[in-house]
Structures are given as structure tokens and as C-alpha cells.
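**Q**
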Amino acid sequence: MPGFLRAVAPTPFVTVQDRGRQGWRRFGVSGSGAMDPDQLAIANVLVGNPPQQAGLEFAYAGGVWEVCAGLCRIAVAGGRFAVAVDGVALPPFASATLRRGQYLAIGAAPDAVWGYLAVAGGFALPRQLGSLSTHARSGIGGFGGRALGPGDALPLTAERAGGGSERRIAPPPVASEPIGLVPGPQADRFTDAAMETLLAGEWRVGRHSDRMAYRLEGPPLAHRDGHDIVSDGTMPGSIQVPGNGTPLVLMRDCQTTGGYPKIATVVTADLPRLAQLRPGAALRFRALTVEEAQGLAARRAARLLRLLRTIPHLGEAWRPAEAGMRPGQMFQARARRSGSPAAPALTTDLVAASGAAR
Numbered sequence: 002m003p004g005f006l007r008a009v010a011p012t013p014f015v016t017v018q019d020r021g022r023q024g025w026r027r028f029g030v031s032g033s034g035a036m037d038p039d040q041l042a043i044a045n046v047l048v049g050n051p052p053q054q055a056g057l058e059f060a061y062a063g064g065v066w067e068v069c070a071g072l073c074r075i076a077v078a079g080g081r082f083a084v085a086v087d088g089v090a091l092p093p094f095a096s097a098t099l100r101r102g103q104y105l106a107i108g109a110a111p112d113a114v115w116g117y118l119a120v121a122g123g124f125a126l127p128r129q130l131g132s133l134s135t136h137a138r139s140g141i142g143g144f145g146g147r148a149l150g151p152g153d154a155l156p157l158t159a160e161r162a163g164g165g166s167e168r169r170i171a172p173p174p175v176a177s178e179p180i181g182l183v184p185g186p187q188a189d190r191f192t193d194a195a196m197e198t199l200l201a202g203e204w205r206v207g208r209h210s211d212r213m214a215y216r217l218e219g220p221p222l223a224h225r226d227g228h229d230i231v232s233d234g235t236m237p238g239s240i241q242v243p244g245n246g247t248p249l250v251l252m253r254d255c256q257t258t259g260g261y262p263k264i265a266t267v268v269t270a271d272l273p274r275l276a277q278l279r280p281g282a283a284l285r286f287r288a289l290t291v292e293e294a295q296g297l298a299a300r301r302a303a304r305l306l307r308l309l310r311t312i313p314h315l316g317e318a319w320r321p322a323e324a325g326m327r328p329g330q331m332f333q334a335r336a337r338r339s340g341s342p343a344a345p346a347l348t349t350d351l352v353a354a355s356g357a358a359r
């Protein structure tokens, strides 16, 4: 029978996450999903999973876990987290096969906030609204709709998921340029000086930041016509500015509507980079057009796909270029491999974007 992964001493914010719920925001359901989906994809491919497989997301450190299965291949990504099996250190961004009764400890990283633990085969948990992602505020997804606590046992899909050679990559580089923004839907509700301050000033991530929103510390941004609007749609990356002028960058667990004006939106390609900044870390912003933001997303996805293709995988059962595709996208990928012409659409989809950037 399949085994399980037991939480011995988990850190406070360990949840099950995948790429999130798609298409439910219009019903008031948050999308949730990994704060840094690229790093979740890397952890998954290191253990032979599809990149969109659900894994464990943790903040700052992952705690201690016991393997209660015959064999269990694991990998940790997100940053240079201190990983050890029974006290023996493992290199970062590498897979390892653990046996029943062994203990996995995940300590802190000097270069990241959010980390990801992937297990070969994934977890035997029910999907809710098409996803395993946890949204703790509404109590849906993941392990009972909540963070993992001591003694919790995550059921695995396979009793023996391991063996063979292990996989390892060099830690991927992190971009250092300012975080990209596009104008928000209520940019005209702010003074010209407010937009100049947002783009020219140095900001710091506030202590009161979580999966719902990151609070930025810096000079207040002045509204032109008050700070209340009729509530309208929000999305991850929206920068809301309440009456005190403090920008709030909405993150993956954000609400679906809000009544504060939104001065700008952090582009999708740069939101994970912002998410990995620790409280007190400095950041700057740069203005982008929508077309520039689309190009940035395409290039980021192409880089990720090239990186994933350097990781050896088990046989032909898993093709990086076809994981999670719709039928039309799969046709395009196969056509490219055979040399037939097929023009992929410019989207943020992992595979379509990589094709557009070739």
C-alpha cells in the first residue's frame, strides 16, 4: 500500500500548493497556488513529476518530516535551503531517495522566503475546484484546507517512488533589475507625484506580509479624489493603496474584489521575484507596457523550460514540452519536434511561451 509523509516538526506555514485554481475568481474564489511556481516546477521535475504537480510550500524553513513509505524520492527548490537526511547534508536543488524511517530536515535559506518540497508521484489528496492548492482563509484544498501541523500524515500515491540515479542542477540565477509594473485600472485616481514616487523611490518589504498581500514601506502615495471606490476585481500583482497611502501588493491568496484604488499592477513574470524578498529587503519598480510585460513573461517561461529540459527524467513517460497542455498545444509541440511549421500563441503558458521565444 502507498505510504505517507509524516510531519514531525513542521514550520507554521507549510501548505499543499500547485499552480492554483483557474476560472473561479468570478465566483469569489481565490486562485491560491504557489508563490513561486517556477521553483515548484523545478522541484517536481527533479523527482520526475510533471511541473504542475502539487507539492509542499513552506516559508523560511520546512521543518522535520519522516518518511513512512518503502522508497520516497524528494527534492527541495526555491533557494539554497539547508537540507539534511538523518543529519547528513544534501546539496541544494538535488533529488534524494529516502527509505522508510528516515528523517528529512529543511532549514533556512540565505536567498529565499518560499521553498518547495516535491515527492515523486505526488500526494493522494482530493482536488477541490480543479486544484489541490490550499486556501486557508476559506478552508479549501490541500490537507483539510489548512497548514500542516505536527503529527499530520500526507498520503502518497506510490509506495516505492525512487531508485535509479538522482538529479541535480545548479541553483538558477535570480534577476536583479527593478520589478516591472503596468498602470493600474485606477491610476488616474492618484497624483502625478504619487506615480513618480512609486517608480523613483526605494521601497522595503514590510513585516506584515503574507500570502494575501505584501505591505511596502516607503513614502505615502497621495490620492487625487479620495481613497474609496466601488469595489471591483483584483488579481495577484494588483497594488492597492488605502487611505494611509501605504501600497499593498496583492499576492496569490488575495481577495477577488476590493474597494481601494489600484495604482499599478506587478507583472506576472516578476511577482514571484517580489514574493521571495524578505521583510526589510529593498526593491525598486520600473514601468512597462502591456506588450513589454507579455514579452517578459514569454522569455521567463522559455528560460524555465530550457532549464527543465537539462534535468534528466525517467524515460518517455514524461515530456517537459507536453506536461499540462491542452490538445492544441500538444499538437504544436509535436509539430515543432518533427520540423513541421506551427506558430504558437503568445501566452504565459510554459510551453507556448517557450515556443514564441525560440
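Under the numbering used here, the first residue of the sequence shown is numbered 2, with each subsequent residue one higher.
For glycine and all other residues, C-beta sits at the position ideal for the given N, C-alpha and C.
These figures come from a predicted structure and were not determined experimentally.
1) Just checking my contact of T258 with G234 at CB under 8 Å: how many whole Å lie between their CB atoms?
2) Taking three-plus beta-carbon pairs below 8 Å as touching, is the stretch 289-305 in contact with the stretch 255-270?
3) Going by C-alpha distance, which of Q241, V89, V68 is nearest A188?
4) Can you tell me whether T192 is buried or exposed, with buried defined as 16 or more other CB within 10 angstroms of its CB?
5) Give me, in chain order, the residues of the same chain whose beta-carbon lies closer than 6 Å to that of A121; leave out the 5 immediate sequence neighbours on both sides.
6) Is the separation between the beta-carbon of V77 and that of G116 shorter than 8 Å?
7) Using only CA atoms, which one of P172, L6, G24, P38 lies nearest to Q54?
8) I need the straight-line Cα distance from F144 to S210, nearest angstrom please.
9) Please classify G234: does DSSP put it in a helix, a strand, or coil?
10) Decide if N45 is buried, meaning its Cβ has at least 16 other Cβ atoms within 10 Å, or exposed.
11) Check the DSSP bridge columns for T1 and list the partner residues they point to.
12) State the beta-bridge partners of P11 as determined by DSSP.
13) Could you tell me if Q23 is buried or exposed, where buried requires 16 or more neighbouring beta carbons within 10 angstroms of its beta carbon?
14) Taking the Cβ atom as the reference point for each residue, do L309 and A113 lie within a distance shorter than 8 Å?
15) I believe P93 touches V86 by the beta-carbon criterion, under 8 Å. Please report the beta-carbon distance rounded to the nearest angstrom.
16) Whose C-alpha, out of G63, A303, L278, P179, is nearest the C-alpha of V15?
17) In its own chain, which residues sit with a C-beta less than 8 Å from the C-beta of D254, not counting the 5 before and 5 after it?
18) Measure from the alpha carbon of A35 to the alpha carbon of each residue in W25, R20, R26, R27, then state which is nearest.
19) Keeping to the same chain, check which residues put their C-beta closer than 6 Å to that of L91; ignore five residues upstream and five downstream.
20) Taking 8 Å as the CB-CB limit, is D211 close to chain C?
21) How many Å lie between P13 and P174 at the Cα?
22) Can you name the start and end residues of the beta strand (DSSP E) that E167 belongs to?
23) Report the CB separation of R119 from R168 in whole angstroms; it is logged as a contact under 8 Å.
24) With DSSP as the reference, identify every bridge partner of Y215, one or two as the case may be.
25) In the structure shown, what three-state DSSP assignment does E178 receive?
26) Report yes if the CB atom of S232 is closer than 8 Å to the CB atom of G260, and no otherwise.
27) Which of helix, strand or coil does DSSP assign to I312?
**A** The short version:
1) The residue given as residue 258 occupies position 257 in the sequence shown. The residue given as residue 234 occupies position 233 in the sequence shown. About 6 Å separates the two Cβ atoms, so the contact holds.
2) yes
3) Looking up residue 188 in the sequence shown gives position 187. When each option's Cα is compared against that of A188, the closest is Q241.
4) Taking the first residue of the sequence shown as 1, we reach residue 192 at position 191. Result: exposed.
5) Residue mapping note: residue 121 aligns to position 120 of the sequence shown, counting from 1. Here the set comprises V48, G49, R74, A162.
6) As a position in the sequence shown, residue 77 is number 76, starting the count at 1. As a position in the sequence shown, residue 116 is number 115, starting the count at 1. Closer than 8 Å, so yes.
7) Locating residue 54 in the sequence shown gives position 53, where the first residue counts as 1. For Q54, the nearest C-alpha among the options comes from P38.
8) As a working mapping, residue 144 is identified with position 143 in the sequence shown. As a working mapping, residue 210 is identified with position 209 in the sequence shown. Between F144 and S210, the C-alpha separation is close to 23 Å.
9) Within the sequence shown, residue 234 is the residue found at index 233, counting from 1. Three-state DSSP puts G234 in a strand.
10) The sequence position of residue 45 within the sequence shown is 44, counting from 1. Buried, because 16 or more other Cβ atoms sit within 10 Å of the Cβ of N45.
11) In the structure as shown, the chain starts at 2 and stops at 359, and residue 1 therefore has no counterpart that could be examined.
12) Numbered from 1 along the sequence shown, position 10 holds the residue referred to as residue 11. Partner(s): G64.
13) As a first step, residue 23 must be located in the sequence shown, where it is residue number 22. Exposed: under 16 other Cβ atoms inside 10 Å.
14) Position 308 of the sequence shown holds residue 309. Position 112 of the sequence shown holds residue 113. For L309 and A113, no; Cβs fall outside 8 Å.
15) For the purposes of this step, residue 93 is taken as residue 92 along the sequence shown, with counting starting at 1. For the purposes of this step, residue 86 is taken as residue 85 along the sequence shown, with counting starting at 1. Contact flag wrong, Cβ pair sits at about 14 Å.
16) Your numbering for residue 15 matches position 14 in the sequence shown. The candidate whose alpha carbon is nearest that of V15 is G63.
17) Position 253 of the sequence shown, counted from the start, is the residue given in the question as residue 254. Cβ within range, chain order: S31, S33, H136, A137, R138, D211, R212, M213.
18) Position 34 of the sequence shown, counting from 1, holds the residue named residue 35. Among W25, R20, R26, R27, the Cα nearest to that of A35 belongs to R20.
19) Working through the sequence shown from its first residue, we reach residue 91 at position 90. Around L91: V84, A97.
20) Although the question refers to chain C, the structure presented lacks it and comprises just one protein chain.
21) By 1-based counting over the sequence shown, the position of residue 13 is 12. By 1-based counting over the sequence shown, the position of residue 174 is 173. C-alpha separation (whole angstroms): 28 Å.
22) Mapped onto the sequence shown, residue 167 falls at position 166. Careful: E167 lies outside any beta strand (DSSP E) and carries neither H nor E.
23) Residue numbering aside, residue 119 sits at position 118 when the sequence shown is read from its first letter. Residue numbering aside, residue 168 sits at position 167 when the sequence shown is read from its first letter. The sequence as given places Ala at residue 119; Arg does not occur at that position. Actually they do not touch by this definition, with Cβ atoms about 11 Å apart.
24) Position 214 of the sequence shown, counted from the first residue, corresponds to residue 215. DSSP lists V250 as partners of Y215.
25) Residue numbering aside, residue 178 sits at position 177 when the sequence shown is read from its first letter. Coil.
26) Here residue 232 corresponds to residue number 231 of the sequence shown, with the count starting at 1. Here residue 260 corresponds to residue number 259 of the sequence shown, with the count starting at 1. The answer is yes: Cβ separation under 8 Å.
27) Counting from one through the sequence shown, the residue named residue 312 turns up at place 311. In this structure, I312 counts as coil in the three-state DSSP scheme.
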